[in-house]
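Let me begin by presenting the structure, written as structure tokens, before commenting on it.
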Amino acid sequence: MGTPSQGLRPHQIFDFLAARVLGQDEALRGVAVSIYKHLYGIRGGRIFLIGGSGTGKTTLMRAIQHFFMAHPALKPFAAMCIVNARTLVDENGDVDVLRIFQHLEADARRLLGPDAEAREVAAQMERGTICLDEVDKISGKLAGKPDVVGLSLQQALLTFIEGEQVQHAVRERHGEGRHDFSLNTGRMLFVCGGAFEELYDQVYRRVENKEDERRLREVRTYDSRLGMRTDILFSLKEYMKLADLYAYGMAPQFISRFSGVTLLEDLHRGALREILLKSEESPYRISRQYFATMDIELVLTAEAVDIVVDKAYENARIGARALREVFAKVITALEFDPFGSGLLQQKGEGWRLVVKRELAQERLHSQDADPADAMAGASKDAAEALAEQVGELS
Numbered sequence: 001m002g003t004p005s006q007g008l009r010p011h012q013i014f015d016f017l018a019a020r021v022l023g024q025d026e027a028l029r030g031v032a033v034s035i036y037k038h039l040y041g042i043r044g045g046r047i048f049l050i051g052g053s054g055t056g057k058t059t060l061m062r063a064i065q066h067f068f069m070a071h072p073a074l075k076p077f078a079a080m081c082i083v084n085a086r087t088l089v090d091e092n093g094d095v096d097v098l099r100i101f102q103h104l105e106a107d108a109r110r111l112l113g114p115d116a117e118a119r120e121v122a123a124q125m126e127r128g129t130i131c132l133d134e135v136d137k138i139s140g141k142l143a144g145k146p147d148v149v150g151l152s153l154q155q156a157l158l159t160f161i162e163g164e165q166v167q168h169a170v171r172e173r174h175g176e177g178r179h180d181f182s183l184n185t186g187r188m189l190f191v192c193g194g195a196f197e198e199l200y201d202q203v204y205r206r207v208e209n210k211e212d213e214r215r216l217r218e219v220r221t222y223d224s225r226l227g228m229r230t231d232i233l234f235s236l237k238e239y240m241k242l243a244d245l246y247a248y249g250m251a252p253q254f255i256s257r258f259s260g261v262t263l264l265e266d267l268h269r270g271a272l273r274e275i276l277l278k279s280e281e282s283p284y285r286i287s288r289q290y291f292a293t294m295d296i297e298l299v300l301t302a303e304a305v306d307i308v309v310d311k312a313y314e315n316a317r318i319g320a321r322a323l324r325e326v327f328a329k330v331i332t333a334l335e336f337d338p339f340g341s342g343l344l345q346q347k348g349e350g351w352r353l354v355v356k357r358e359l360a361q362e363r364l365h366s367q368d369a370d371p372a373d374a375m376a377g378a379s380k381d382a383a384e385a386l387a388e389q390v391g392e393l394s
């Protein structure tokens, strides 16, 4: 057997992914093994992800593509398409899963260039990765009733995922017609993911109502203000069974095509902090780049980081998106007019803008205030400013 990975092992694949998808180490170990299997043509590497909004599903899909692109020897595996599963149904309710191949062919052509022959494009497609996002939206149930469209789409996708030969007409170079190929989908890597938000409540209700042998765990702790308190410990990862996915509306035949179900963790404070400070898509890093165009160094003190992280953790169910929302409340006004903020400090030939705990608290408090009061305050400020201008003119 060949060595397409040039000696890469699953733990090295993990290291690459973990540098880009933070706070999901356990899930990434399984994904790394699946990618390794894909490289060597070993079946059983299909990936099914469940994770709430903002836990990193889409980031992980992109990281997989970056992994292939970062290693020149793996370029034959680099073709990828990320498709919202529900878009495979047209406005008339007709299912057309062959759209997946159209997206994959376009990416293969991008990698190979316009002079690539159809057979080269087909070979690149066979080793590509197909990412189906929001698969929870193709449930076979809608508002508690059977959804024929969802079931039909799951059934249609089985042909792809179970490794069948599928016919596809690949465009010849420079648009010189098309050539039919039988593509072996068993050589492709499939990554399916969805938020399955309602699944959390569904499983919790089943356990709470004692509909099976599962029981909620309780822990008693002492609070100096409130005395003894009882907390219920629940995580989807601990309590979910495959039967819960079937009850959700996912066909057993569909789920069984995957080697297992990987649950992404809700992000804890430590993970949120790491994302804010280290992630390539961190709103803080992006804002630092923005201020750098004005020769301003943006600095967030450790105490200010704590404020942002704690506020984001209050809405941890939307994951990293909560960080973006909270940080935007702190930084947006400063981005608009940093030189009018009165906070800039001279640093060499440039400037330094330090966001401290007090400023972060003030911004977040003002943003959380009643919208009507905020509008009234803004109107008052505008009126006072206009009065000053009139006075100057007169």
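Note that the UniProt record's numbering gives residue 175 to position 175 of the sequence shown, counting from 1, and the numbers run on in steps of one. Don't be surprised by glycine CBs; every beta carbon is placed ideally from N, CA and C.
| message | Quick check on the burial criterion: 16 or more other C-beta atoms within 10 angstroms. Buried or exposed for residue 339? | response | exposed
| task | Report yes if the C-beta distance between residue 322 and residue 312 is below 8 Å; otherwise report no. | result | yes
| message | Based on DSSP bridge pairs, tell me the residues matched to residue 228. | response | 222
| Taking only runs of the beta strand (DSSP E) that begin and end inside the segment 288 to 347, which ones reach a length of at least 3 residues, in chain order? | 296 to 300, 344 to 347
| Rounded to a whole number of angstroms, what is the C-alpha to C-alpha distance between residue 224 and residue 218? | 19 Å
| said: Within 10 Å of its beta-carbon, does residue 51 have 16 or more other beta-carbons around it, so buried, or fewer, so exposed? | reply: buried
| task | Output the distance between the C-alpha atoms of residue 104 and residue 154, rounded to the nearest integer angstrom. | result | 19 Å
| task | Round the Cβ separation of residue 149 and residue 93 to the nearest angstrom and send it over; I've been treating them as touching at under 8 Å. | result | 5 Å
| field | Assigned secondary structure, residue 42 (DSSP; H/G/I helix, E/B strand, else coil) | value | coil
| said: Buried or exposed, going by whether 16 or more other CB atoms sit within 10 Å of the CB of residue 43? | reply: exposed
| What number of angstroms, rounded off, separates the C-alpha of residue 255 from the C-alpha of residue 283? | Approximately 35 Å between the Cα atoms of the pair.
| message | Counting C-beta neighbours from all protein chains within 10 Å, is the total for residue 382 16 or more, i.e. buried, or is it exposed? | response | With a pLDDT of 41 at residue 382, under the threshold of 50, the predicted position of this residue should be treated as unreliable, though the coordinate-derived value follows. Its Cβ having fewer than 16 others within 10 Å, residue 382 is exposed.
| said: Spatial neighbours of residue 272 within its chain, please: C-beta separation below 7 Å, excluding the five flanking residues on both sides. | reply: Hits under 7 Å: 309, 312, 313, 323.
| message | Can you tell me which residues form a DSSP beta bridge with residue 262? | response | Answer is 49, bridged to residue 262.
| message | Please state the DSSP three-state secondary structure of residue 236. | response | helix
| request: Please state whether DSSP places residue 193 in a helix, a strand or coil. | output: strand
| task | Could you check what DSSP says for residue 56 in three-state terms: helix, strand or coil? | result | coil
| said: Using the Cβ count rule (16 or more neighbours within 10 Å means buried), how would you classify residue 268? | reply: exposed
| query | What residue does the alpha helix (DSSP H) around residue 102 start on, and which one ends it? | reply | Going by DSSP, residue 102 is part of the alpha helix (DSSP H) stretching over 99 to 112.
| request: Within the same chain, show all residues whose beta-carbon is closer than 8 Å to that of residue 15, passing over the 5 residues directly before and after it, in chain order. | output: none
| query | Can you list the beta strand (DSSP E) stretches of 3 or more residues lying completely in the segment 135 to 192, in chain order? | reply | 165 to 171, 178 to 184
| Considering only the beta carbon of each residue, do residue 357 and residue 303 sit closer than 8 Å? | yes
| said: Contact between the segment 70 to 87 and the segment 287 to 307 is defined here as three or more beta-carbon pairs at a separation below 8 Å; is this criterion met? | reply: no
| said: Per DSSP, what are the beta-bridge partners of residue 89 in this structure? | reply: 95
| field | 6 Å Cβ shell around residue 59 - same chain, five flanking residues per side excluded | value | 21
| said: Need the endpoints of the alpha helix (DSSP H) that residue 15 sits in, please. | reply: 10 to 18
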